Amino acid sequence: MVACPYGDGPERVPPLGAMSVLAYVQDALGPWVQTHLFDFSGYPRSSQAALARIAAWQPQVVGVPIYSSQVAIVDDWVAQLRARLPAAVFVAGGPHPTLTTETFLRRRTHLFDAIVRGDGERPFVAILDRVAAGCRRFEVPGVSYVAADGGIVEMPDGEQLAPDAMADPFSVPITHANAPLVFTDRRTGRQRSAVALVSSRSCPLKCSFCAIIAMPGKWRSVPDDTLLAWLCAEHARAPFEHIYFMDANFFVVPRRVRGLSSAIAERLPGVTWSASSTVGMLLKLEADLPLLARQGLRMVEMGIEAASDDQLAFLNKRSSVATNRQAVRALQRNGIDIGIDFIMFNPDQTLADLEANVAFFRDCDLTLHEDFGHLFNGLTLYPGTPLRRTYEQRLGASFDPDRLPVVDPLFRDPQVQAVYRAFTGPFRRRYMRRVERLRDAARAAARRLADTDSGRAQRLRLEAIRIHHVPLKVLQQLCRAEAGAPLESAVPLLAGWNAYERRVRALCGAATAEAEPAAAQRPAAARLEAGAE
């Protein structure tokens, strides 16, 4: 199986869905099949070295998991791989082929021989059985395939995989040349070596923007004993200090969360963990958070998404601004970090909605969240989702199934559209890298001066905090500016940025002048591409 580049920079988490499928294949077929996962998800999209490594392995079957954001990259890679491996069978799977079944294979009969819809384990094993028998007719539930005459044969949907049939994802041979997976534990101030896995599938909620609800299958979880056996075996083989549970919604069953947390603390002492949750399901465990934190819970990625009740209803979130605040405060009270899932911009917003989003981060003490990504997030209209259909009905036309629509033309409020354009366009392009570099330089200088010039170090720490607030302040000022005004005129903060940047640099001193990362500091994928390893 091949994880093609995502196209958005280095990626540390391996392709967990592909690992699950290949692990099941190994269990089902044993010595009759040789498997390998080539994880090039964080590689440059033009990597000829990666393509050559895949071709050198000479696979008879190539499986490719595909997300909607990487369709063009996958098309390019598979076209090149087919030229190198003309006799191989190419099978697509994952969210995008499942959500665009009617068109995906029809457009790509020159690239793929079949697609797997939904859970890939059983259909992929059946395809391998037929290939081994010299058969190219994949009459398997959950599969669509290209017939000998070039037509498309669509088999009935397959059944979802039972939880107790899922296989140990850590057992898969993998080429994963990206940087090691780590977790930054802010409670102890150090990085922990980490592993990632998915312990459940789907989600019982029905958020209108979420592609997960469009995928077939109900929520189900790996049995606790099985999950712990996987983790303990991997820990014995390659010790780790943190577990990323990458489930869409880990907190669905409170009893399960309590049991797993206690078992991890008992059987893997010192290992911490993190997971994701919706607001309502986290609050079902609010009283348990002190114990979960003591047992090792360090971070919850939480689907807050919006900060007005109208926006939350539009997104079918089944939460409110009040419950969002309650959940944030509960995590903060217990020293548990928050990963923020938030849709800052959606086309149905009013300016008051957008200002409420900005105010939420300030009022909930989230302004110093390390990552800035949530500030720039616009609504993504994934194939198969209710909101995508809503906008298609409004426009009276269908979006291209292989493209994620550009959100800009869909804004109803021209003021919100103007803010979106200025903030995600000129401000992000011209200033964000400078903001992050200046903040990091101030932090680094403060650390170096802590023992020799405490006054200057404290001033630099305060400057770093001030700099970190810049993007949110810019967004706030844009909401109050006249629509269409030039960026520096609309945002007084930016009018004096050049002079401010020079003053902070001078305060940092010449030794902290920003330099491009050395070759040894680049991601491992980039070093491999350059031939350094």
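Residue 4 is where the sequence shown starts when you use this note's numbering, and the numbers rise one by one after that.
Note that the Cβ used here is the ideal one computed from N, Cα and C, for glycine as well.
These numbers come from a predicted model, not from an experiment.
Within the same chain, Cβ atoms closer than 7 Å to the Cβ of residue 415 are found at 350 and 351, the five residues on either side in sequence being excluded.
Rounded to whole angstroms, residue 348 and residue 380 show a C-alpha spacing of 6 Å. Scanning its chain for C-beta atoms nearer than 8 Å, with the 5 sequence neighbours on each side dropped, one finds around residue 244 the residues 186, 195, 196, 197, 273, 274 and 275, in chain order. About 19 Å separates the beta carbon of residue 39 from that of residue 69, a gap too long to meet the 8 Å contact definition.
In the three-state scheme derived from DSSP, where H, G and I count as helix and E and B as strand, residue 96 is classed as strand. Residue range 193–200 is occupied by the beta strand (DSSP E) that includes residue 197. Contact between the segment 158–172 and the segment 61–75 is absent: fewer than 3 CB-CB pairs across the two stretches fall below 8 Å. Within its own chain, the residues whose Cβ lies closer than 6 Å to the Cβ of residue 287, once the five positions on either side in sequence are excluded, are 257, listed in chain order. Along the length of the segment 113–161, whole beta strand (DSSP E) runs at least 3 residues long occupy 117–119, 146–149 and 155–157, reported in chain order.
Excluding its 5 nearest sequence neighbours in each direction, residue 364 has C-beta neighbours in its own chain below 7 Å: 370 and 475, listed in chain order. In this structure, the beta-carbon distance from residue 396 to residue 486 does not fall below 9 Å. When only Cα atoms are considered, residue 4 and residue 300 end up about 33 Å apart. In chain order, 217, 386 and 387 place their CB closer than 6 Å to the CB of residue 102, counting only its own chain and leaving out the 5 sequence neighbours on each side.
Bounds of the beta strand (DSSP E) holding residue 301 are 300–308. By the C-beta criterion, the segment 132–141 is judged not to be in contact with the segment 416–435, since fewer than 3 inter-stretch pairs fall below 8 Å.
DSSP places residue 434 within a helical segment (H, G or I) once states are collapsed to three. In the DSSP assignment, residue 247 forms a beta bridge with 199 and 277. As computed with DSSP, residue 66 is found in a beta bridge with 94.
By a beta-carbon distance limit of 8 Å, residue 285 contacts residue 305. Their separation comes to about 6 Å. CA-to-CA, the gap between residue 35 and residue 125 works out to about 16 Å. By the Cβ-count criterion, residue 203 is buried, with 16 or more other Cβ atoms from all chains shown falling within 10 Å of its own Cβ. Within the segment 325–392, the complete beta strand (DSSP E) runs of at least 3 residues fall at 340–345. With 16 or more other CB atoms across the displayed protein chains lying within 10 angstroms of its CB, residue 327 is buried. Distance from the CA atom of residue 86 to the CA atom of residue 279, rounded to whole angstroms, is 41 Å. With a threshold of 16 other beta carbon atoms within 10 Å, residue 494 meets it and is buried.
DSSP, read as helix, strand or coil, puts residue 170 in coil. Taking 9 Å as the cut-off, the Cβ atoms of residue 332 and residue 283 do not count as close. Under DSSP, residue 6 shares a beta bridge with 42. Collapsing the DSSP output to three states places residue 507 in a helix.
When the five nearest sequence neighbours on each side are left out, the beta carbons in the same chain lying within less than 8 Å of the beta carbon of residue 424 are those of 411, in order along the chain. When rounded, the separation of the alpha-carbon atoms in residue 210 and residue 281 is 10 Å. Residue state for residue 188 is assigned as strand, using DSSP reduced to three classes. For residue 111, the three-state secondary structure derived from DSSP is coil.
Residue 442 counts as buried, since at least 16 other C-beta atoms from the protein chains shown sit within 10 angstroms of its C-beta. Secondary structure at residue 103: coil, using DSSP grouped into helix, strand and coil.
In the DSSP assignment, residue 223 is bridged to 204.
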